[in-house]
Structures are given as C-alpha cells and as structure tokens.
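Our numbering puts the first residue of the sequence shown at 1, with every later residue one more than the last. Built from N, CA and C at the ideal position, the CB exists for glycine as well.
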Amino acid sequence: MITGIVNRDFEPIIPLSVYGADGQIYTENAIVDTGFNGWLSLPPNLIAQLNLRWKRRGRAILGDGSECVFNIYEAMLLWDGELLTIPVDEADSEPLVGMSLMNGYQLVVQVFPGGLVEISKVTPV
1 MITGIVNRDF
11 EPIIPLSVYG
21 ADGQIYTENA
31 IVDTGFNGWL
41 SLPPNLIAQL
51 NLRWKRRGRA
61 ILGDGSECVF
71 NIYEAMLLWD
81 GELLTIPVDE
91 ADSEPLVGMS
101 LMNGYQLVVQ
111 VFPGGLVEIS
121 KVTPV
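So this is what it looks like as structure tokens:
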C-alpha cells in the first residue's frame, strides 16, 4: 500500500522513489492526478538531475483543447514494493502520478487538509 496526505490546496500527495542513472534513489512528492491518463510526469530540472534516458516525443490534447508536444523519457521507480520501468512525460509542473501508473489499484482520498491518501492493489473479480 502507498500512503500520503492531502495538502492545504486539496491535492493528494504521495512520495515517489525514482532511480537516477547513477543508481541513486531520489524521493520526491507527487500529486495524484486522476485527470492525467499517463504514467508519471516530471519537470525538466528533475529529469536532468536524474539523467533519465530520452525515448521519444509525445502529443497530448490538454483540458483546454490545445495540443501539446513533449519529450518522453524512461525511468525506474519503486511502486508499492515493486521495481517498475515506466515512461515519464516531461511537463512544466509539479510531479504528477497518472492513472496508468495506478492501473490495478484502488485510490482512497479523505478530502480535507491532512486527510489520508491510500493507493492499494486490488484483486480482479
């Protein structure tokens, strides 16, 4: 199970452990974003710090209908005790956890500042 808290801006925050190219583990807080269907987005400065490997370009339609072209990198992260290799979208925002990373999990959020955020694996019925 992955746990976090809701911050003062009502954002569900969880800690993420991402491996840099040097093999070191970097822990960053990330916002759980149910409107983002990707895996994970990280800002350019963190991608550079981690020295992530570039994979390709991506395209997305944003909430306002505009199109965005961005770089996609590859990262290894520790997710619920498992080591995963995932695509990482470069974005000028706080780190975001998307729905693809949470596939097969249940998200429970107590919506008040300081509320509990829980992401737990579910068994398909």
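Where residue i falls: helix, strand or coil (DSSP)
i	result
A48	helix
T3	strand
A21	coil
E67	strand
W39	coil
E94	coil
Contacting residues, own chain, Cβ-Cβ under 6 Å from residue i (five flanking each side not counted)
i	result
Q106	S120, V122
D80	I2
W39	I86, P87, G98, S100, L101
Reference residue i, options the options, closest by Cα
i	options	result
M1	E118, E94, S93	E118
S17	L78, M99, D89	L78
E94	N29, G20, N7	N29
N71	P43, P124, A21, F36	P43
R8	L116, R57, P124	L116
M99	G23, R59, N37, G4	N37
D64	I86, G35, K55, E82	G35
K55	E82, T27, I86, E67	I86
D92	C68, G104, E82	C68
Outcome for residue i when other beta-carbon atoms lying within 10 angstroms are tallied against a minimum of 16
i	result
L62	exposed
L84	exposed
A75	buried
S41	buried
G23	exposed
Residues near residue i in its chain [Cβ-Cβ closer than 8 Å; skip 5 each side]
i	result
M102	V32, I119
A21	L50, N51, L52, R53
E90	S41, L42, P43, P44, I47, F70, N71, I72, Y73
Would you call the stretch 98-117 and the stretch 9-17 touching, i.e. three or more CB-CB distances under 8 Å? yes
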